[in-house]
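Trainee: Questions regarding the structure given below will be posed in turn.
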Amino acid sequence: MAILKILIMALVQAVTEFMPVSSRGHYILLRELLNYKEPGVLFDLFLHFGAFIVICLVYHKDVLGIMIEGGNFLIIKIRNFFLFISQKVLKKSVTYDQLESNSVQKLAISLMISFVPFCIAGFIFKEKVDAWDQNLLYSGIGMLLTAFFLLSSDFKKKGKKSLKMMTYKDALVIGIFQACAIFPGCSRLGMCLVGAKLVGMEKNTSIKYSFLLYLPSWFVATLYKCIVKDYTSFSVALPGAVVGFLGSIILSFFAYKMVSVYLKDKKYKYFALYSGVAGVLSLICHFVFV
21 MAILKILIMA LVQAVTEFMP VSSRGHYILL RELLNYKEPG VLFDLFLHFG AFIVICLVYH
81 KDVLGIMIEG GNFLIIKIRN FFLFISQKVL KKSVTYDQLE SNSVQKLAIS LMISFVPFCI
141 AGFIFKEKVD AWDQNLLYSG IGMLLTAFFL LSSDFKKKGK KSLKMMTYKD ALVIGIFQAC
201 AIFPGCSRLG MCLVGAKLVG MEKNTSIKYS FLLYLPSWFV ATLYKCIVKD YTSFSVALPG
261 AVVGFLGSII LSFFAYKMVS VYLKDKKYKY FALYSGVAGV LSLICHFVFV
């Protein structure tokens, strides 16, 4: 694979990962335009890993707090479950552990709730996702759907909810919108932002929440790929994967800085227009290349 093609893929991946326009849809489109034959899981993984690292660094305090509070919450819930079982079996009273509620714990629980629909959708459609990824038709349709939802969201009034004000029901709604992004061309970030605006979240809050939700979603999706894919595919084009990774992490940092500022100040209609054009181009390429 030519280094130039790798750098182009890394550049597009880095920029579109932080835009509500579907990085996967662009990946599929570029794969056809550049006549790029995917070398395996490793290259795709390394391209996305750059964005993962950048988000972890930017929100490192939040990520650390969420891991601690989320871990404590799960440990106590599991312990209380076994205490409940022992109470029923041994017929004796027990004292359940209590965890003092705080804003970080609420955020961690909200992210868990938002994450569940994504897992369910991934499990239900796991046999179809790979086939969809190989078809520009589905990708083009997904981009057009993203454009429609982004444009529609601009007609809703600005929200005022902060992370402290959001409810677990809000988290579920955002999670359902994110689950739609398993369809290629549907932007995960875009759908999360639309869902957040629908429940009345303030824009800066919705951006932060959507980026934090990316972390568990990408990690579990990648873990699944590593388990179900043929491990021999990891040995293909390692130098290319490393170049793509280094390019992705550097470009992702600058892309985040630029795009996050733009997202806070502008409406989504400009991203909707771009996504619509990319969707139409994908459909044209599908019928030309087929």
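So in the working numbering, the last one in the sequence shown is 310, and the numbering has no gaps at all.
Idealized CB from N, CA, C, for every residue including glycine.
Give the DSSP-derived three-state secondary structure of K126 in the structure shown.
Mentor: Position 106 of the sequence shown holds residue 126. Three-state DSSP puts K126 in a helix.
Trainee: Could I get the ranges of all uninterrupted alpha helix (DSSP H) runs contained in the region 186-213, with 4 residues as the minimum, in chain order?
Mentor: With a minimum length of 4 residues, the continuous alpha helix (DSSP H) runs that stay inside the region 186-213 are 188-199.
Trainee: How many angstroms separate the CA atom of M29 from the CA atom of Y188?
Mentor: Residue numbering aside, residue 29 sits at position 9 when the sequence shown is read from its first letter. Residue numbering aside, residue 188 sits at position 168 when the sequence shown is read from its first letter. Cα to Cα, M29 sits roughly 37 Å from Y188.
Trainee: So, using beta-carbon positions, are K217 and K277 closer together than 8 Å?
Mentor: In the sequence shown, the residue the question calls residue 217 occupies position 197. In the sequence shown, the residue the question calls residue 277 occupies position 257. No, the pair does not count as a contact, with Cβ atoms beyond the cut-off.
Trainee: Using only the alpha-carbon positions, how far apart do C212 and S226 sit?
Mentor: By one-based count along the sequence shown, residue 212 stands at place 192. By one-based count along the sequence shown, residue 226 stands at place 206. Those two C-alpha atoms are separated by around 8 Å.
Trainee: How long is the line joining the alpha carbons of L65 and I129, rounded to whole angstroms?
Mentor: Within the sequence shown, numbered from 1, the residue matching residue 65 stands at position 45. Within the sequence shown, numbered from 1, the residue matching residue 129 stands at position 109. One C-alpha to the other measures close to 27 Å.
Trainee: According to DSSP, is K286 helix, strand or coil?
Mentor: Here residue 286 refers to the residue found at position 266 when the sequence shown is read from its first residue. Coil at K286, not helix or strand.
Trainee: In this structure, what does DSSP give as the bridge partners for K184?
Mentor: The residue labelled residue 184 in the question sits at position 164 within the sequence shown. Paired residues: none, contrary to the question.
Trainee: Roughly how many whole angstroms lie between the Cα atoms of Q318 and S295?
Mentor: This structure cannot speak to residue 318, because the chain is shown only from 21 to 310.
Trainee: Can you tell me which of the three DSSP states M39 falls into?
Mentor: Taking the sequence shown and counting its residues from 1, the one referred to as residue 39 is at position 19. Here M39 sits in coil by DSSP.
Trainee: Taking Cβ positions, are V193 and V219 nearer each other than 8 Å?
Mentor: Counting from 1 along the sequence shown, the entry for residue 193 is found at position 173. Counting from 1 along the sequence shown, the entry for residue 219 is found at position 199. Yes.
Trainee: Are at least three pairs of beta-carbons, each pair with one atom in the region 283-291 and one in the region 143-153, less than 8 Å apart?
Mentor: The answer is no - the region 143-153 does not touch the region 283-291, with fewer than three Cβ pairs under 8 Å.
Trainee: Tell me where the alpha helix (DSSP H) around Y158 begins and ends.
Mentor: To locate residue 158, count along the sequence shown from 1; it is residue 138. Looking at the DSSP string, the run of the alpha helix (DSSP H) that includes Y158 is 156-173.
Trainee: Between G90 and the rest of its own chain, which residues show a CB-CB distance below 8 Å, the 5 nearest in sequence each way excluded?
Mentor: Here the question's residue 90 lines up with position 70 in the sequence shown. Only Q125, A128, I129, L131, M132 meet the Cβ criterion.
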